[in-house]
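For the sequence shown, this note's numbering gives the first residue as -9, with consecutive numbering after it.
First comes the structure, then the notes that go with it.
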Amino acid sequence: MKYADLHAHTSESDGTLTPEQLVKEALKRCLSAVAIVDHDTVSALPLALKAAEGTALEVIPGIELSTQYENQEVHILGYFLDHQDKGLLDELKPVRENRIRRVHEMIKNLKILGIELKPQTVFDIAGSGTVGRMHIARALVKDGWVGSTAEAFRKYIGDRSPAYVLGFRFSPEKAIKIIRDSGGVAVLAHPYILRNDEWIGEFAASGLQGLEAYYPEHSQSQVNYYLDLAKKLNLVVTGGSDFHGSAKPDIKLGAVKIPLELVEKLRNAKR
Ligand SMILES: [Zn+2]
Ligand SMILES: [Zn+2]
């Protein structure tokens, strides 16, 4: 059997492996395909595609866009998009500024809670990639405020935690449009976090084409539930590990993987 992991992050967003290292890791894990879906950026893709040239690995170009819907953060994945599309790159430019502003706001909230974090610590960890909550979590670990990034999310910066700030530019509908306009297939990421499953039908009506049914946090009964729902709504099914390297040390690349035939269904959804 050949397998794909359709949810991996690199150091261009909040993962810890460079695009080249991620390609090596995917080959080591005997994956046939890996999708790189960095948060709000496609900058890893040229590097990863080049690194995979002449190997048995297919790198699937992707992205994970952060959106908000009824005061909740919702992530929309895009697959097989044209990562050089000008329209896509133009939409992504202001997102970067927005993310920097959001980090400063969360650092202010942490200060109210008695936690002094220097913005520069966070930005140094992020390096040249898009900055986000995982970098704040790693800064909190580095300065000794928490023992792990998971604890940072649980106590301070997870959804609805005291220092959390919601503030994304796009609605799910807009993100779906951006992905489809650049030739991609739009898929809802980790649906278990949604407060209301009726939203999935609403997103489907806005052009959503797939559902990430296989995900580390999904129980078998949740997987079955999402497989059923995908069938009802005529959505393709995807899955992946949400690999972040050592930023999420318990999740290995390929921890969740799907048979290649599902990748072909996803590819066909482009047409
Ligand atoms: Zn996500
Ligand atoms: Zn992700």
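Built from N, CA and C at the ideal position, the CB exists for glycine as well.
The model shown is predicted, which means the values in this text are computed figures rather than measured ones.
Assigned exposure category for residue i - 16 Cβ within 10 Å defines buried
i: LEU55; result: buried
i: ASP(-5); result: buried
i: LEU103; result: exposed
i: GLU81; result: buried
i: LYS83; result: exposed
i: LEU107; result: buried
i: SER172; result: buried
i: ALA301; result: The requested residue 301 is not part of the displayed model; the chain covers only -9 to 261.
i: ASP30; result: buried
i: ILE183; result: exposed
i: GLY117; result: exposed
i: PRO239; result: exposed
Those residues which DSSP pairs with residue i across a bridge
i: TYR69; result: GLY52, VAL175
i: THR57; result: VAL64, PHE160
i: ASP(-5); result: VAL24
Integer Cβ distance of residue i from residue j, believed to fall under 8 Å
i: ILE248; j: GLY229; result: 4 Å
i: GLU207; j: VAL177; result: With a Cβ gap of about 16 Å, GLU207 and VAL177 do not count as contacting.
i: ALA127; j: PHE143; result: 6 Å
i: LEU78; j: LEU67; result: 14 Å between Cβ atoms; not a contact.
i: GLU262; j: GLY122; result: Residue 262 is absent from the structure shown; the chain starts at -9 and stops at 261.
i: ALA16; j: LEU47; result: 5 Å
i: ASN224; j: GLY157; result: Between GLY157 and ASN224 the Cβ distance is about 33 Å, and since that is not below 8 Å, they are no contact.
i: PRO181; j: TYR154; result: PRO181 to TYR154, Cβ: 20 Å. No contact.
i: VAL93; j: PRO109; result: 7 Å
i: HIS(-1); j: VAL27; result: 7 Å
i: PRO162; j: TYR59; result: 5 Å
i: THR57; j: ALA165; result: 5 Å
i: LEU250; j: ALA23; result: 7 Å
i: ASP4; j: MET124; result: 4 Å
(request) Counting only runs of 4+ residues fully inside the stretch 24 to 53, write out the alpha helix (DSSP H) ranges in chain order. (result) 35 to 42
(request) Please list the segments of the alpha helix (DSSP H) lying wholly inside the stretch 89 to 155, counting only runs of 4 or more residues, in order along the chain. (result) 109 to 116, 123 to 132, 139 to 142
(request) With a floor of 3 residues, list each beta strand (DSSP E) that falls wholly inside the stretch 175 to 256, ordered by position along the chain. (result) 175 to 178, 200 to 204, 226 to 229
(request) Could you please go through the chain and list the residues whose beta-carbon is closer than 5 Å to any non-hydrogen atom of ligand 1? (result) HIS65, ALA179
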